[in-house]
Amino acid sequence: MTVAEVLQLVDRLVEQQRGKHLNDLEKTVVQGLWQGQTYSQISDKCGYDENYIGDVSRQIFKQLSEELNEDIKKSNFCWTIERIINSQVFGLVNGNINWCTPHHQTNPNPSIADQEDPNNQTRYSNLTLAPKITQFYDRTLELQTLSDWILAQNTRLISVVGLPGIGKTTLVKRFVDLNLQQFDAVIWKSIKIEPSLNTLITEFLTKVAHADLRFSEINLMELFKALKNCKTLLIIDDIQELFKPGKLAGQYQSRFQEYKTLFHRLGEIEHNSHLILITQEQCQEMIGLAGELDPVQILKLPGLTQTSILSDRSLKDPSSWSQLIQRYEGHPVYLQEVADLIKTMFSGKVSDFLAEEGIILTANMKSQLGDIFNRLSPLERQIMVKLSQSPNPMSKNQLKQELDLSLMDLINGLESLNRRNLLKTSEAETVLFDGVGLMQEYIRSLSID
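Letter by letter, the sequence shown follows residues 1 to 449 of the UniProt record's numbering.
In structure tokens, the structure reads:
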């Protein structure tokens, strides 16, 4: 019995129960279970957290149990699947098969399992520039939101916005891993690595639309036509690289104007595809388009709130972990850096670290925050410096008077900072503004340095 036969059966049963086929991660889990691997071994193979692999497995067992009307679990999974195939009820194989000894079975060509069922495969995918996920924390709500927008509401254009390192790219990659089979084609592009739009268009037309470029022009119109006929997921990372540094947020460099046209038109025209933009700065053309029932949506990614991100860092004082997360605004990368610092310099005692005065910024934090600050326009810097100097949030009138700005300039500056996720607002008798804590601490450190 081959792994391909097992995958074919499990996929058919799961599809009958939930209405959709196994995704790539689920296939990897099924293959690992059949070969007698532990959750830890499967986790090492595919780069996901061991607990998450267990959750995926239990979900598969539940769906199989409901479909077959019997209790299936890890201990009887192989026995049950082999018994069903032996019964030939599903007509998948001919002849008798020995009872399984999964830990002795190997597949000399694992990739063949993914080639057996051409009707259950993404026709083309290029995830060369997509990251490998090693850890995934506390994004259940955001992941469900993405799934609802794309798979249920058919949202055509989505912008995932947040500070560097907050988890935007990891979130989108997790969605892709879980839903790759839902699309005819998936292409992942990074502006930092390959800024040319013509490269994306050429790849799509030749690899997905199978166009002969001797007779097809490499332009947006050809891309729009192809996207209507092929259910495609396009992911473009590092969108902020399209914009002018030193200007208000979202102003395109002249050489990237075609991207502006692409994003705007894909939010307007009817087609069967989806575009996800991953960015630190919100695109101008997204403003006013995103609404509850519109085909354009913006997902602003906040920091993490659960302490699970610290549970495997060998830290002490669990009662202090929430305070540590709050101090560093739930930023995953910064929390991991701080956790390592606490282990080295404070013997893992979080309470001792928190007793230190002020927020400690590592060299990497200061470098990243400096990159963000250097992209700001002079107007935005002026506002951020003033907010960092104030012990309390400030109103528009206070900022206008102390900075001697026109109301129009002030509003434009505040709006731009908000689109960069660098502004916090609160309401008392009037709206009050404050900067993001870590950026405020960085700005204050500049005068010290």
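For every residue, glycine included, the Cβ atom is placed at its ideal position computed from N, Cα and C. Owing to the predicted nature of the structure, the values given are computational and were not obtained by experimental measurement.
Quiz item: In the DSSP assignment, what residue or residues form a beta bridge with Leu432?
Solution: Taking the sequence shown and counting its residues from 1, one reaches residue 432 at position 432. According to DSSP, which records beta bridges pairwise, Leu432 is partnered with Ser395, Ser426.
Quiz item: Between Leu248 and Ser416, which are expected to be in contact by the criterion C-beta below 8 angstroms, what is the C-beta distance as a whole number of angstroms?
Solution: Position 248 of the sequence shown, counted from the first residue, corresponds to residue 248. Position 416 of the sequence shown, counted from the first residue, corresponds to residue 416. Contact flag correct, Cβ pair sits at about 4 angstroms.
Quiz item: Taking the C-alpha atoms as reference points, what is the distance between Leu262 and Leu220?
Solution: Here the question's residue 262 lines up with position 262 in the sequence shown. Here the question's residue 220 lines up with position 220 in the sequence shown. Cα-Cα distance, rounded: 7 angstroms.
Practice problem: Could you have a look at Ala363 and say whether DSSP puts it in helix, strand or coil? | Solution: One-based indexing of the sequence shown puts residue 363 at position 363. Reduced to three states, the DSSP call for Ala363 is helix.
Quiz item: Run through DSSP, which three-state label would Phe353 get?
Solution: What you label residue 353 is simply residue 353 of the sequence shown in a count that begins at 1. Here Phe353 sits in helix by DSSP.
Quiz item: So what does DSSP say about Asp71, is it helix, strand or coil?
Solution: On the sequence shown, residue 71 is found 71 positions in, with the first residue counted as 1. Looking at Asp71 - three-state DSSP - the assignment turns out to be coil, as it is neither helix nor strand.
Quiz item: Going straight from the alpha carbon of Ala209 to that of Lys228, what length do you get?
Solution: For this step, residue 209 is matched to residue 209 along the sequence shown. For this step, residue 228 is matched to residue 228 along the sequence shown. Taking the straight line from one Cα to the other gives about 11 angstroms.
Quiz item: Beta carbon of Ser377: closer than 7 angstroms to some heavy atom of the ligand MG?
Solution: In the structure on display, the ligand MG does not appear, and there are no ligands present to speak of.
Self-check item: Contacting residues, own chain, Cβ-Cβ under 6 angstroms from Asn397 (five flanking each side not counted)
Solution: Taking the first residue of the sequence shown as 1, we reach residue 397 at position 397. Excluding residues within five positions, none has a Cβ falling inside 6 angstroms.
Exercise. Provide the residue span of the alpha helix (DSSP H) that contains Lys45, from first to last.
Key: For this step, residue 45 is matched to residue 45 along the sequence shown. 39-46 is the span of the alpha helix (DSSP H), which, as asked, contains Lys45.
Self-check item: Burial state of Asp11, where buried means 16 or more other Cβ atoms lie within 10 Å
Solution: Within the sequence shown, the letter at position 11 stands for residue 11. Asp11 should be labelled buried.
Self-check item: Thr106, buried or exposed, once every other Cβ within 10 Å from all chains shown has been counted against 16
Solution: On the sequence shown, residue 106 is found 106 positions in, with the first residue counted as 1. Confidence in Thr106 is poor, its pLDDT being 34 and thus under 50, which makes the residue's placement unreliable; the coordinate value appears in the next sentence. Under this definition Thr106 is an exposed residue.
Self-check item: Candidates Tyr137, Pro378, Arg174, Asn179, of which the one nearest Ala152 by Cα
Solution: On the sequence shown, position 152 is the one that residue 152 refers to. Answer by Cα proximity: Asn179.
Quiz item: Is Leu341 helix, strand or coil by DSSP?
Solution: In the sequence shown, the residue the question calls residue 341 occupies position 341. Here Leu341 sits in helix by DSSP.
Exercise. With a 10 Å radius around its C-beta and 16 neighbouring C-beta atoms as the bar for buried, classify Thr128 as buried or exposed.
Key: Against the sequence shown, residue 128 aligns to sequence position 128. Per the 10 Å Cβ criterion, exposed.
Quiz item: Just how far apart, CA to CA, sit Ser123 and Leu234?
Solution: In the sequence shown, residue 123 corresponds to position 123, counting from 1. In the sequence shown, residue 234 corresponds to position 234, counting from 1. The sequence as given places Arg at residue 123; Ser does not occur at that position. Arg123 and Leu234: Cα-Cα distance of roughly 14 angstroms.
Quiz item: Quick one: what does DSSP say Asp138 is sitting in, helix, strand or coil?
Solution: Here residue 138 refers to the residue found at position 138 of the sequence shown. Asp138: coil per DSSP, three-state reduction.
Quiz item: Does DSSP classify Thr279 as helix, strand or coil?
Solution: For the purposes of this step, residue 279 is taken as residue 279 along the sequence shown, with counting starting at 1. Strand, per DSSP.
Exercise. Within its chain, find whatever has a CB closer than 8 angstroms to the CB of Ser367; leave out the 5 residues flanking it on each side and keep chain order.
Key: The residue given as residue 367 occupies position 367 in the sequence shown. Contacts found: none.
Practice problem: Leaving out five residues on either side along the sequence, give the residues of the same chain with a beta carbon under 8 angstroms from the beta carbon of Asp449. | Solution: Stepping through the sequence shown from its first residue, residue 449 is reached at position 449. Residue placement at Asp449 is flagged as unreliable, the pLDDT there being 49, under the threshold of 50; a coordinate-derived value is accordingly withheld.
Quiz item: In angstroms, rounded to a whole number, what distance separates the CA positions of Lys225 and His271?
Solution: Here the question's residue 225 lines up with position 225 in the sequence shown. Here the question's residue 271 lines up with position 271 in the sequence shown. Lys225 and His271: Cα-Cα distance of roughly 9 angstroms.
Quiz prompt | Run of the beta strand (DSSP E) containing Asn126, from where it starts to where it stops | solution = Counting from 1 along the sequence shown, the entry for residue 126 is found at position 126. Asn126 -> beta strand (DSSP E) spans 124-126.
Self-check item: Where the alpha helix (DSSP H) containing Trp321 begins and where it ends
Solution: Indexing the sequence shown from 1 puts residue 321 at position 321. First-last of the alpha helix (DSSP H) with Trp321: 321-327.
Practice problem: Could you tell me how far apart the beta carbons of Gln8 and Gln63 are, in whole angstroms, since I believe they sit closer than 8 angstroms? | Solution: Sequence index remark: in the sequence shown, residue 8 carries index 8 (1-based). Sequence index remark: in the sequence shown, residue 63 carries index 63 (1-based). Rounded, the Cβ-Cβ distance is 16 angstroms, inconsistent with contact.
Exercise. State the DSSP-derived secondary structure class of Leu417, mapped to helix, strand or coil.
Key: Within the sequence shown, residue 417 is the residue found at index 417, counting from 1. In the structure shown, Leu417 sits in a helix (DSSP, three-state: H, G or I).
Quiz item: Taking just the CA atoms, how far does Asn198 sit from Tyr52?
Solution: Working through the sequence shown from its first residue, we reach residue 52 at position 52. Working through the sequence shown from its first residue, we reach residue 198 at position 198. Taking the straight line from one Cα to the other gives about 38 angstroms.
Practice problem: Determine the closest residue to Ser125 out of Gln181, Glu142, Glu82, Leu143, with distance taken between C-alpha atoms. | Solution: Residue numbering aside, residue 125 sits at position 125 when the sequence shown is read from its first letter. Nearest C-alpha to Ser125: Gln181.
Exercise. Take Ser322 as the anchor and find which of Leu304, Lys231, Arg214 has the nearest alpha-carbon.
Key: Walking along the sequence shown from the start, residue 322 turns up at place 322. Ranking Leu304, Lys231, Arg214 by Cα distance to Ser322 puts Leu304 first.
Quiz item: Curious, which full-length beta strand (DSSP E) runs of at least 3 residues does the UniProt domain "NB-ARC" (144-242) contain?
Solution: 157-161, 185-190, 232-237
Self-check item: Proximity winner among Lys400, Leu33, Leu163, relative to Asp371 (alpha-carbon distances)
Solution: Position 371 of the sequence shown holds residue 371. That would be Leu163, whose Cα lies nearest to the Cα of Asp371.
Exercise. Evaluate Leu13 with the Cβ neighbour count: other Cβ atoms within 10 Å of its Cβ, from every protein chain shown; 16 or more gives buried, anything less gives exposed.
Key: Your numbering for residue 13 matches position 13 in the sequence shown. By the 10 Å Cβ count, Leu13 comes out buried.
Quiz item: Between which two residues does the beta strand (DSSP E) containing Lys260 stretch?
Solution: Walking along the sequence shown from the start, residue 260 turns up at place 260. That residue, Lys260, is in no beta strand (DSSP E); its alpha helix (DSSP H) goes 257-268.
Self-check item: Leu33 - containing alpha helix (DSSP H), residue span
Solution: Against the sequence shown, residue 33 aligns to sequence position 33. Segment 24-34, the alpha helix (DSSP H) holding Leu33.
Exercise. Taking all protein chains shown into account, decide if Glu281 is buried (16 or more other Cβ within 10 angstroms of its Cβ) or exposed.
Key: Residue mapping note: residue 281 aligns to position 281 of the sequence shown, counting from 1. Glu281 comes out buried.
Quiz item: Using CA coordinates, which residue listed in Ala363, Met365, Asn364, Ile342 is at the minimum distance from Ala355?
Solution: What you label residue 355 is simply residue 355 of the sequence shown in a count that begins at 1. The shortest C-alpha separation from Ala355 is found at Ile342.
Quiz item: Nearest-angstrom Cα distance between Gln35 and Glu70?
Solution: By one-based count along the sequence shown, residue 35 stands at place 35. By one-based count along the sequence shown, residue 70 stands at place 70. The alpha-carbon atoms of Gln35 and Glu70 are separated by roughly 22 angstroms.
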